[in-house]
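Undergrad: Numbering (my numbering) for the sequence shown: 1 to 314.
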Amino acid sequence: MAKYIVKRVGLALITLLIIVFLLFVMVRIMPGNPFPSERMSAEQIANKRIEMGLDKPVLVQFRDYMVKLLQGDFGKGTSLYYGAPIKTVLSTCVQNSFRIGGLAILIGTAVGLLLGITAALNRGRFLDGFCTVFSIVGVCVPSYVFLIFLQYYFSYKIPYFPYFFDANRFLFSSILPALSLSLFTMSTVARFTRNEMVEVMDSDYVRLAESKGIYGPRLIRRHVLRNALIPIVTVLAPLIVDLLTGALVVEKIYGINGIGKLMVDAISGEGVDYNYVLALGILYSALYIGIMLAVDLLYGILDPRIRVAAKGDA
């Protein structure tokens with residue numbers, strides 16, 4: 001198992017290095033000017049390019065960038081938050097997006113599992129139909145539409161929650177965006193949980209367990225839910241990345257200073273801030289690879305067959 005873990009970690013690091021290189025090259029060959037040309041003369045822009053090493057060959061630039069990146073230095077912005085270290089700006093945005101995204105993950109996963117289990121245990125009844133309709137509506141309705149609905153009723157009609165994000169009341173003002181972001185995750189988890197549990201409950205080994213006198217919560221916990229969780233974890237992994245890195249429209253509407261809003265500002269400013277675009281691309285890729293790696297390792301816990309295969313490889 002240890003060899004399996006080392007192999008997976010090594011592949012993840014190699015994949016991340018390749019992605020960073022491709023992102024770096026694509027950002028460098030993008031057309032346009034990374035500096036606010038309306039406020040800077042041609043001579044100032046040329047001097048800035050020399051100062052930031054943009055006049056050097058791409059491979060030399062990549063080597064210098066990787067040296068700084070390994071030290072936790074993402075460089076500085078060229079047009080957005082001009083002169084401020086990207087690491088400082090990014091840390092604030094990451095904290096906001098991760099806290100709200102983490103709350104959305106907890107709500108979406110917990111409620112989704114509850115709805116999916118309820119639907120599966122009441123197959124063909126009213127609760128099954130209700131959970132199915134809810135899942136379809138939740139997948140179809142965009143998160144920002146749900147956020148506007150929540151703002152209208154719970155910030156305008158019933159002025160209980162703030163209409164826009166307030167950093168001084170972080171937890172209280174995080175509830176509405178977290179609920180809106182959790183809707184898609186909630187619906188997806190509920191739908192997959194219901195389908196996987198129904199399939200598992202119709203399997204031969206569950207019937208064998210029932211013939212041995214195993215019923216009720218013990219049967220669901222030991223034989224049904226555990227086997228149904230494997231595909232659910234696979235579906236949940238990319239959703240977690242999307243929630244942690246922020247939803248562009250939701251953060252923009254609610255005025256959250258998060259990763260999604262930062263990406264929009266970096267692209268739509270006076271000049272496309274390539275350094276911020278690159279830093280956010282690396283962050284997103286690292287999160288995705290890290291979570292998929294965690295999912296691979298979690299498979300070994302949920303499915304004993306994977307542990308046996310890993311021992312065989314060792």
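Each residue gets a CB set at the ideal place from its N, CA and C atoms; glycine is no exception.
(1) Thinking just about the alpha-carbon of each residue, which of A247, D265 and R8 is nearest to the one in P142?
(2) Tell me whether E43 is buried or exposed, calling it buried when 16 or more other Cβ atoms sit within 10 Å of its Cβ.
(3) Keeping to the same chain, check which residues put their C-beta closer than 6 Å to that of L176; ignore five residues upstream and five downstream.
(4) Going by C-alpha distance, which of G258, D296 and I259 is nearest A237?
(5) Please say whether N96 and G258 have beta carbons closer to each other than 7 Å?
(6) Can you grab the Cα-Cα spacing for the pair K7 / I291, in whole Å?
(7) Quick check on L59: buried or exposed, where buried means 16 or more other Cβ atoms within 10 Å of its Cβ?
(8) Which residue or residues does DSSP assign as beta-bridge partners of K76?
(9) Give every residue of the same chain whose Cβ lies closer than 7 Å to the Cβ of I5, excluding the five residues on either side of it in the sequence, and list them in chain order.
(10) Among the residues of its own chain, which have a CB less than 8 Å from the CB of L293, if the five just before and after it don't count?
(11) Three-state secondary structure (DSSP) at S187?
(12) Does the Cβ-Cβ distance between L208 and V241 come in under 7 Å?
(13) If you measure between the beta carbons of L103 and S173, is that distance less than 7 Å?
(14) Return the CA-CA distance between V25 and S180, expressed in angstroms with no decimal places.
TA: On the basis of the coordinates in this document:
(1) Of the listed residues, the one whose Cα sits closest to P142 is A247.
(2) Note on E43: under 16 other CB atoms within 10 angstroms of its CB, so exposed under the neighbour-count rule.
(3) Once the five neighbours on either side are set aside, the close Cβ partners of L176 are L150 and F161.
(4) The residue with the shortest Cα to Cα distance from A237 is D296.
(5) Taking C-beta atoms as the reference points, G258 and N96 count as a pair closer than 7 Å.
(6) The alpha-carbon atoms of K7 and I291 are separated by roughly 16 Å.
(7) Per the 10 Å Cβ criterion, exposed.
(8) BP columns for K76 point to P85.
(9) Around I5: L297.
(10) Cβ neighbours of L293 beyond the five flanking positions: R8, V9 and A12.
(11) Here DSSP, grouped into helix, strand and coil, assigns S187 to helix.
(12) Cβ atoms of L208 and V241: not closer than 7 Å.
(13) Contact flag unset, no.
(14) The straight-line gap from Cα to Cα measures roughly 36 Å.
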